[in-house]
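Worksheet: the structure to be examined is printed underneath.
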Amino acid sequence: MTELLRSLDDEPDTPSTVDVRRAIATARRTRRVRRGVTGAGAAVVTVAASLAGFTLTRPAAAPAPVAPATTAAPTGAPRPSAAAPPALTRCAISRLPVPDRAPMALVTAADPTGEWIAGRTYPKSGGYQAVLWHAGTVTKVMLPGDLEEALRDVNASGTAVGWSYTEDGPVPYAYRNGKITKLAPSGSALGINDAGRIVGDDDEGNAVVWESAGATPSRLPAPSSAKTVQARAIDLDGTIVGSLDLGIPYIWLPDGTHRRMPMPEIDGKPAAVAQAFDIRNGWVTGMAAMKPDKGSRGNAPAYAVRWNLRTGESELVGELQYPADAVNPFGWQVGTDRDGYAVLLTGEKTIRLPDLAKHRADGTATIASTLSDDGRIIAGQSDDRTDTIQAVVWRCR
Numbered sequence: 018m019t020e021l022l023r024s025l026d027d028e029p030d031t032p033s034t035v036d037v038r039r040a041i042a043t044a045r046r047t048r049r050v051r052r053g054v055t056g057a058g059a060a061v062v063t064v065a066a067s068l069a070g071f072t073l074t075r076p077a078a079a080p081a082p083v084a085p086a087t088t089a090a091p092t093g094a095p096r097p098s099a100a101a102p103p104a105l106t107r108c109a110i111s112r113l114p115v116p117d118r119a120p121m122a123l124v125t126a127a128d129p130t131g132e133w134i135a136g137r138t139y140p141k142s143g144g145y146q147a148v149l150w151h152a153g154t155v156t157k158v159m160l161p162g163d164l165e166e167a168l169r170d171v172n173a174s175g176t177a178v179g180w181s182y183t184e185d186g187p188v189p190y191a192y193r194n195g196k197i198t199k200l201a202p203s204g205s206a207l208g209i210n211d212a213g214r215i216v217g218d219d220d221e222g223n224a225v226v227w228e229s230a231g232a233t234p235s236r237l238p239a240p241s242s243a244k245t246v247q248a249r250a251i252d253l254d255g256t257i258v259g260s261l262d263l264g265i266p267y268i269w270l271p272d273g274t275h276r277r278m279p280m281p282e283i284d285g286k287p288a289a290v291a292q293a294f295d296i297r298n299g300w301v302t303g304m305a306a307m308k309p310d311k312g313s314r315g316n317a318p319a320y321a322v323r324w325n326l327r328t329g330e331s332e333l334v335g336e337l338q339y340p341a342d343a344v345n346p347f348g349w350q351v352g353t354d355r356d357g358y359a360v361l362l363t364g365e366k367t368i369r370l371p372d373l374a375k376h377r378a379d380g381t382a383t384i385a386s387t388l389s390d391d392g393r394i395i396a397g398q399s400d401d402r403t404d405t406i407q408a409v410v411w412r413c414r
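Every number in our numbering is 17 more than the matching position in the sequence shown, counting from 1.
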């Protein structure tokens, strides 16, 4: 795999690890976010990430429906749970408070209840400030390092994990009740479950797991042929999903086994590349793409994918123009539809989420980033009347 394109817009260059999800998020979520700049300008429309010598773009239209690819169900299948919550019909938007009158903010994660929300602001003085919202208040999380910082996940007890950049590279951290814990000398923490297990990487191409914030990280096993191994998310039962070499979806099960996940089919053919991004109760979301046709100048559309570990099925999500941003225990997803609206997909209906201000069809004005287990709390970002990114929450009923 070749290195992914690092700069899709004019956000300040950082040494961040870049993959398809990061490239998509960068293209969609950041618009002239410079240190000390208080406004946001025109968005990058093309979702691009150089992968294995070609470029991924958003699909112009959904592919023709195909039968889901199936394999034997892994042991990390969805667990029986209570019936899905009553059907939701509408959602109301409101802004999240920010410290120090920061002009710009966005959401990066939330816990399964939706009550703990992580994000970051862009202070007037410049730089980045990690924050945590809970019970109507916002707390600044003072991660060391000045280049870039982000909280990537938070659990129901309010323990958040993420990373911060120093001159020597990324450093993983955990935060709880005002205390910051350095998890390792280098690397990134990307996911945490309610049991406190943390997953991430060591900045040397290896996926790692911490049994707790005070534990020493251990490498997750992977095929010796893999040069880059990523662990992106961890489920309640300890099932972990990620990818090999930024192109093969991979799963680590609670019983210690690990394997490739099935490749989705696109127009009747197995995808050339795919990645798993998120997991909840055995539902996994991610992306897939084919290699570009000859003469297409290296462009290939990236499709949203959902896997069901109970059945082993993988399917393309034609309603979304980008991979889903979050999934809940019932397989509901939040993402961006083909008209550029932030939406909640419940399987039975699609609910469009309101914008703070004007809508843009390119899907960058409003982005839903998190989804609670009951589907009633969604957090993300929406541009205000001055085209400035603001952190928001939707409450649905």
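Note that CB positions come from ideal geometry on N, CA and C, so glycine has one too.
Can you check whether the CB of residue j is closer than 8 Å to the CB of residue i?
i	j	result
VAL155	PRO120	no
PRO371	ILE197	no
ALA201	GLY179	no
ALA291	GLY264	yes
ALA408	VAL124	yes
THR183	ALA230	no
GLY299	ILE251	no
ASP262	ALA243	yes
Please determine, among the options, the residue with the shortest C-alpha to C-alpha distance to residue i.
i	options	result
ASP185	LEU164, VAL258, GLY357 and LEU200	LEU164
ALA191	PRO240, VAL334 and LEU149	LEU149
ALA152	ASP219, ASP220, ALA127 and ALA319	ALA127
ALA232	ALA206, THR245, PRO238 and ASP254	ALA206
ILE384	MET307, ASP400, MET278 and MET280	ASP400
VAL322	GLY348, LEU168, ASN316 and ASP218	GLY348
LEU105	ALA378, THR405 and ARG393	ARG393
THR387	ALA359, GLY222 and VAL246	ALA359
MET278	LEU270, ASP284 and VAL188	LEU270
ALA293	ASP170, ALA177 and ALA341	ALA341
LEU113	ILE406, PRO266 and CYS413	ILE406
GLY162	SER174, TYR145, ALA177 and THR176	TYR145
GLU132	ARG169, ASP404 and ILE395	ILE395
LYS286	ARG297, ILE268 and ALA305	ALA305
With 16 other CB atoms within 10 Å as the buried threshold, where does residue i fall?
i	result
ARG402	exposed
THR415	This structure cannot speak to residue 415, because the chain is shown only from 18 to 414.
GLY397	buried
VAL64	Low per-residue confidence applies at VAL64: pLDDT is 33, beneath 50, and the placement is therefore not dependable, though the value from the model is reported in the following sentence. Burial call: buried.
PRO82	The predicted model places PRO82 with a pLDDT of 41, which falls under 50 and marks its position as unreliable; any figure quoted below should be read in that light. Classification of PRO82: exposed, given that the 10 Å Cβ count is below 16.
ASN172	buried
THR274	exposed
ARG118	exposed
ARG276	exposed
GLU166	buried
ASN210	buried
ASN223	buried
GLY380	buried
ASP174	Here the sequence assigns Ser to residue 174, which means Asp is not the residue at that position. Exposed, since its Cβ has fewer than 16 Cβ neighbours within 10 Å.
SER389	buried
ASP295	buried
Please look up how many angstroms separate the CB atoms of residue i and residue j, rounded, as I've assumed it's under 8 Å.
i	j	result
TRP227	ARG236	Wrong, their Cβ atoms sit about 11 Å apart, outside the cutoff.
PRO281	GLU332	7 Å
ILE134	VAL410	7 Å
Under the DSSP definition of a beta bridge, which residues are partnered with residue i?
i	result
GLY186	THR183
GLY204	Its beta-bridge partners do not exist; DSSP assigns none.
LYS141	Looking at the DSSP assignment, LYS141 forms no beta bridge with any residue, so it has no partner.
ALA212	DSSP output for ALA212 lists no bridge partner at all.
ASP354	LEU337
PRO240	Note: PRO240 sits in no beta bridge, so no partner.
TRP227	ILE215
LEU270	LEU270 pairs with nothing; no bridge assigned.
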